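What follows is a short report on a single structure.
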Amino acid sequence: MNRTMLPGPAISRRGVLGAGLSMLALGADPRRGAAAMPVHIECDAGQNELPFQWQASALEAKYGLTPDMVSLPFVGQYEKLVTDLTSRSDAYDVLVFPPYFLGDFQALGFLRELDQYFSILDPQLADYLPVYRDPVIKRGGKTYALMFDGDLLQVCYRTDLFGDPKEQAAFKQKYGQDLAVPTTWADFMKVAEFFTRPPGLYGTAFYAQRGFCYAWFVNIFAGLGGRWFDDKMNPGIKSDVGYQALSLLVEMKKYAPPNILQIDYPTLNQVFLDGSTALVVQWDDLPLKCENPAMSKVVGKSGFAPCPQRSYMPYSRVMAVSAFSKNPEDAYKVAAHMQLPDVGITYVYDPECGEDPYRESYLKASAVKNHLGQPTMSAAAAANYVDAIRGGLKAGYPELSIPGAPRYIDILDLYVNQALAGSLTPKAALDACAGEWASITAAEGQDRIAKAYADWVDSFHKVGLTY
Amino acid sequence: MAPALAMFAANAVFPLLYALDVSVRNYQLLIPVPPQFVGLANYAQVLADPLFWSSVEVTLWFIAAVVFLQLPAALGLALLFAGLPRWAGVAVTVLLVPTIIAPSVVGFQWAQIYNYQFGPLNYLLGLLGLGHPVWTASPTLALPSLIAIDFWEWTPFLVLLLFAGLSALPQDILEAARVDGSSWPQIFWRIMLPLLRPVIGIALLLRVLMSFKTFDIIYILTAGGPGAATENLAYYTYIQGFRYFNLGYASALAIIQLIVVAVLAKALIGLTRRPGLASAS
């Protein structure tokens, strides 16, 4: 665990002691006029801490708060948080985590309800994109978290290749149809196959390493019409749609670089940014990096589009207040401040961090700027990018977020990875996974989970998502 | 005596009994219902779990590598160093460097060496026209790649033990054999090896127990993947205990491992008994 005290005003021990004693003698709140206790902000280490660092001076100036970053490793964050929170540790005030932890964390009493603090600072939830509002941050009508990062999978493709008349003619000759950004998975496979010209160019790549390969499977599964469970909690993956989706993903390996099973988030960015891949599905912060000359060899050569048929929304990040925080009001102030419309806009389009838009007011091309107020891509690229996000969200497919979700997802990831590694067939992998899911459901309590799942499904029906 | 017994009970007996108790309950930390007694259900579930058996297989591969690769190589190196009258101590010390590096550093170091695109190993193989293997991401190469790291990291430890054993061999017996006209292979097979048996037994005991617990390099390099190709018993127990917080099941896994390790240790301790003179003649 890495702790970073963000820069703040220098305070001497003698000064604090003197001020504290005089205030106590006067019966005053010792925290008024003196530095408040630090607010410990837990976040996965790396680029996602940057927005807190950029806002540190504003937090101090506005609220007199001293943010203290507690960095946890991205892999293992869940284990670490559960271990600490089960033992009622007060090491964290603000918790930053993906919403699929929320079902467990709320059920286990790790989080404070936030509605009680809204009078301190209005979080302006009406501006949230509906898909990120009730389904993600609320449970049973109560708010347990605020948004920090609205994730979505998106297609990034090479406009120079797709726009090349020679490529267009060759594609038409081979497949009898126009070369276009794929809107079905069948077309995606054709385009991926067409551009596979190793070792200089590969058709596609995807996150195939253990950890998140499930998301690239679910993205296809969703597009083909799959559902996590039916109303009786029978796993939806044990179906023809599931087998077909996983078979497509396994087949996609043929069009990917040879080290495909090693490809994770940064490597997937890299193989697109270095120009060695024609199109990829990746989280929607890749376009910002594509247009940054310091990171990319494909500046001005990238286009962005929603995923075929549906766009899966894996991960995201929310901010919550720990039930064991000794400083919950200040923790709430930090969380609320960070997602205010005029604050969030400073980081959701910054290529240095990994945060993505979650408010309606962010979805305009003119807003695509970094935290210093500089445009992060050309006006045309920004318009294309924002349109792709809007289009993806219209057909967004939500990440499972019920009690037990981290276990359902991890088991799915294991079996998808086994199929990708060739140790199991897609059917055998998904059948085995469905068996494990049934065990998790039974252990969690069939009725309890079925109710939680029904409520969760209902929450995104209410915001107009088809499921 | 009483304080010593109390310490033993607190440090060894209580955790063991507690693990036994948890292993017969459906204790799942993330499910807000009280754990219930389920008898041997967790054990039955473990034995019917294909992932348990695949993790046993991976563990056995690590152990086989210790017995059939590390031990012969270490014995060869120890014999080589024993023949160096002057610099043997320095050579063994230099050789020990991999063993004293922090395991997490070993993991990161090898992650770089095995890197498909930028790793020095693939660079050299590329120069020789031998292609670019995907070391830790290939279902067939991932486990041998980890075993190779284990070999690099821990063979020197075996060399150290065996070198110490060789140095302590009674020189008068070896000298007498030479005077009597015994050839080097005869001296090695009939005198040195039987006399080294206790040291070999201890070395094997320590390394087999250590390889049962191999965790760091798996966690850092492959996370058990691709699929479950490198998930050994220690890693699988970690997943069940600390990712799924399925404490009853993880405890059953731990108890089963304890029984297997105890049986293995008993067998290996038998090896450490020094043979009588007759067997060396």
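Protein sequences appear in the order of chains A and B. Taking this note's numbering, I'd label the letters of the first sequence as residues 764 to 1230. Taking this note's numbering, I'd label the letters of the second sequence as residues 114 to 394. Every residue gets a Cβ at the ideal spot worked out from N, C-alpha and C, and that includes glycine. Source: prediction; values computed, not measured.
Inset, instruction - At 7 Å on the CB atoms, spell out the chain A contacts of A250 (chain B), in chain order. - result: Against the second sequence, residue 250 (chain B) aligns to sequence position 137. Those are N1022, L1024, Q1025, listed as they occur along chain A.
Legend entry - Cβ-based contacts, 7 Å cut-off: residues of the segment 1156 to 1179 of chain A near chain B: R1170, D1173, L1177
Inset, instruction - Examine the Cβ distances between the segment 357 to 369 of chain B and the segment 203 to 220 of chain B and report whether three or more of them are shorter than 8 Å. - result: no
Legend entry - Range covered by the alpha helix (DSSP H) that runs through C806 (chain A): The count along the first sequence starts at 1 and reaches residue 806 (chain A) at position 43. It is not in any alpha helix (DSSP H) - C806 (chain A) instead sits in the beta strand (DSSP E) that spans 802 to 807.
Inset, instruction - Could you name the residues of chain B that E1207 (chain A) contacts, counting a contact when the two beta carbons are closer than 8 Å? - result: For this step, residue 1207 (chain A) is matched to residue 444 along the first sequence. Under the 8 Å cutoff, chain B gives I144.
Inset, instruction - State the Cα-Cα distance for the pair C919 (chain A) and Q230 (chain B), rounded to the nearest angstrom. - result: Stepping through the first sequence from its first residue, residue 919 (chain A) is reached at position 156. Stepping through the second sequence from its first residue, residue 230 (chain B) is reached at position 117. Going from the Cα of C919 (chain A) to the Cα of Q230 (chain B) covers about 22 Å.
Inset, instruction - Say whether chain A places a C-beta atom closer than 8 Å to the C-beta of G337 (chain B). - result: Taking the first residue of the second sequence as 1, we reach residue 337 (chain B) at position 224. Chain A contact via Cβ: present.
Inset, instruction - Determine, using beta carbons only, whether Q1181 (chain A) comes closer than 8 Å to chain B. - result: In the first sequence, residue 1181 (chain A) corresponds to position 418, counting from 1. Closer than 8 Å to some Cβ of chain B, the Cβ of Q1181 (chain A) qualifies, so yes.
Legend entry - Beta-ladder partner(s) of L916 (chain A), from DSSP: Position 153 of the first sequence, counting from 1, holds the residue named residue 916 (chain A). Its beta-bridge partners are A:W1046.
Inset, instruction - Go through its chain and collect everything with a Cβ distance to F951 (chain A)'s Cβ below 6 Å, but skip five positions before and after it. - result: Working through the first sequence from its first residue, we reach residue 951 (chain A) at position 188. Excluding residues within five positions, the ones whose Cβ falls inside 6 Å are P945, P1071.
Legend entry - Alpha carbon of Y891 (chain A) to alpha carbon of K326 (chain B), nearest angstrom: In the first sequence, the residue the question calls residue 891 (chain A) occupies position 128. In the second sequence, the residue the question calls residue 326 (chain B) occupies position 213. Going by the C-alpha atoms only, they are around 48 Å apart.
Legend entry - Closest residue to P163 (chain B) among A:P861, A:A1128, A:A1195 (Cα-Cα distance): By 1-based counting over the second sequence, the position of residue 163 (chain B) is 50. Checked all of A:P861, A:A1128, A:A1195; the closest Cα to P163 (chain B) is A:A1195.
Inset, instruction - Using a threshold of 8 Å, state whether the C-beta atoms of V1231 (chain A) and V857 (chain A) are closer than that. - result: Because chain A in this structure spans residues 764 to 1230, residue 1231 (chain A) falls outside the shown range and cannot be described.
Legend entry - For S392 (chain B), three-class secondary structure by DSSP: Here residue 392 (chain B) corresponds to residue number 279 of the second sequence, with the count starting at 1. Here S392 (chain B) scores only 44 on pLDDT, less than 50, and its place in the model should not be relied on; the value that follows carries that caveat. Here S392 (chain B) sits in helix by DSSP.
Inset, instruction - Determine, using beta carbons only, whether A870 (chain A) comes closer than 8 Å to chain B. - result: Here residue 870 (chain A) corresponds to residue number 107 of the first sequence, with the count starting at 1. Yes, A870 (chain A) lies at the interface with chain B (some Cβ there is under 8 Å from its Cβ).
Inset, instruction - Answer with buried or exposed for V1061 (chain A), where buried requires no fewer than 16 other C-beta atoms within 10 angstroms of its C-beta. - result: Along the first sequence, one-based indexing puts residue 1061 (chain A) at 298. Result: buried.
Inset, instruction - Could you check the C-alpha separation between A161 (chain B) and L282 (chain B) for me, to the nearest Å? - result: Taking the first residue of the second sequence as position 1, residue 161 (chain B) is located at position 48. Taking the first residue of the second sequence as position 1, residue 282 (chain B) is located at position 169. So the two alpha carbons sit approximately 49 Å from each other.
Inset, instruction - Output yes or no for whether 8 Å exceeds the beta carbon distance between L1193 (chain A) and Y1006 (chain A). - result: As a first step, residue 1193 (chain A) must be located in the first sequence, where it is residue number 430. As a first step, residue 1006 (chain A) must be located in the first sequence, where it is residue number 243. Result yes, Cβ atoms of L1193 (chain A) and Y1006 (chain A) sit closer than 8 Å.
Legend entry - Sequence-distant residues of its chain with Cβ nearer than 6 Å to K1089 (chain A) (five each side left out): By 1-based counting over the first sequence, the position of residue 1089 (chain A) is 326. For K1089 (chain A), where only same-chain residues beyond five positions count, the Cβ hits under 6 Å are D853.
Inset, instruction - Run the CB neighbour count on N124 (chain B), radius 10 Å, all protein chains shown included, and call it buried at 16 or more, exposed below. - result: Here residue 124 (chain B) refers to the residue found at position 11 of the second sequence. Classification of N124 (chain B): exposed, given that the 10 Å Cβ count is below 16.
Inset, instruction - Give the residues from the segment 219 to 232 of chain B that approach chain A closer than 8 Å (Cβ to any Cβ), ordered along the chain. - result: Y229, Q230
Inset, instruction - Flag this pair as touching only if the segment 1021 to 1039 of chain A and the segment 244 to 263 of chain B have three or more C-beta atom pairs under 8 Å; answer yes or no. - result: yes
Legend entry - Residue ranges of each beta strand (DSSP E) within the segment 886 to 973 of chain A, 3 or longer: 909 to 912, 916 to 921
Inset, instruction - Give a yes or no on whether the minimum CB-CB distance between G152 (chain B) and chain A is below 8 Å. - result: As a first step, residue 152 (chain B) must be located in the second sequence, where it is residue number 39. Not an interface residue.
Inset, instruction - Please classify M305 (chain B): does DSSP put it in a helix, a strand, or coil? - result: Numbered from its first residue, the second sequence carries residue 305 (chain B) at position 192. Helix, per DSSP.
Inset, instruction - Give the single residue among A:M1058, A:W1046, A:E1054, A:A1099 whose Cα lies nearest to the Cα of Y1075 (chain A). - result: On the first sequence, position 312 is the one that residue 1075 (chain A) refers to. Of the listed residues, the one whose Cα sits closest to Y1075 (chain A) is A:W1046.
Inset, instruction - Determine the chain A residues that contact R138 (chain B) at a beta-carbon separation under 7 Å, and present them in chain order. - result: As a working note, residue 138 (chain B) is residue 25 in the second sequence. In chain order: nothing, as chain A lies at least about 13 Å away.
Legend entry - Cβ of D878 (chain A) within 8 Å of any chain B Cβ: Residue mapping note: residue 878 (chain A) aligns to position 115 of the first sequence, counting from 1. By this cut-off, D878 (chain A) is not an interface position.
Legend entry - Closer than 8 Å at the beta carbon, the chain A residues around Q141 (chain B): Stepping through the second sequence from its first residue, residue 141 (chain B) is reached at position 28. Near Q141 (chain B) (Cβ distances below 8 Å), the residues of chain A are A1206.
Legend entry - Strand pairing of K1132 (chain A), partner residues [DSSP]: Reading the first sequence from its first residue, position 369 is the one you call residue 1132 (chain A). In the DSSP output, where bridge partners are listed per residue, K1132 (chain A) has A:P1138.
Legend entry - Pairwise C-alpha distance: G340 (chain B) and R1073 (chain A): Locating residue 1073 (chain A) in the first sequence gives position 310, where the first residue counts as 1. Locating residue 340 (chain B) in the second sequence gives position 227, where the first residue counts as 1. So the alpha carbons of these two residues sit roughly 27 Å apart.
Legend entry - Chain-order list of residues whose beta-carbon lies under 6 Å from that of R902 (chain A) (same chain, five-residue window excluded): In the first sequence, the residue the question calls residue 902 (chain A) occupies position 139. Only Q869 meet the Cβ criterion.
Legend entry - Which of helix, strand or coil DSSP assigns to Q141 (chain B): By one-based count along the second sequence, residue 141 (chain B) stands at place 28. Strand.
Inset, instruction - Taking F108 (chain B) as the query, report the chain A residues whose CB atoms sit under 7 Å from its CB, ordered along the chain. - result: Given that chain B is displayed from residue 114 to residue 394, the structure contains no residue 108 (chain B) and the question cannot be resolved.
Inset, instruction - Using three-state DSSP, classify R1080 (chain A) as helix, strand or coil. - result: The residue you call residue 1080 (chain A) lines up with position 317 of the first sequence. R1080 (chain A): strand per DSSP, three-state reduction.
Inset, instruction - Have a look at A:P1056, A:V954, A:A1197, A:A1144 and flag the residue whose alpha-carbon is nearest the alpha-carbon of Q936 (chain A). - result: Locating residue 936 (chain A) in the first sequence gives position 173, where the first residue counts as 1. Taking only the C-alpha atoms, the option nearest Q936 (chain A) is A:V954.
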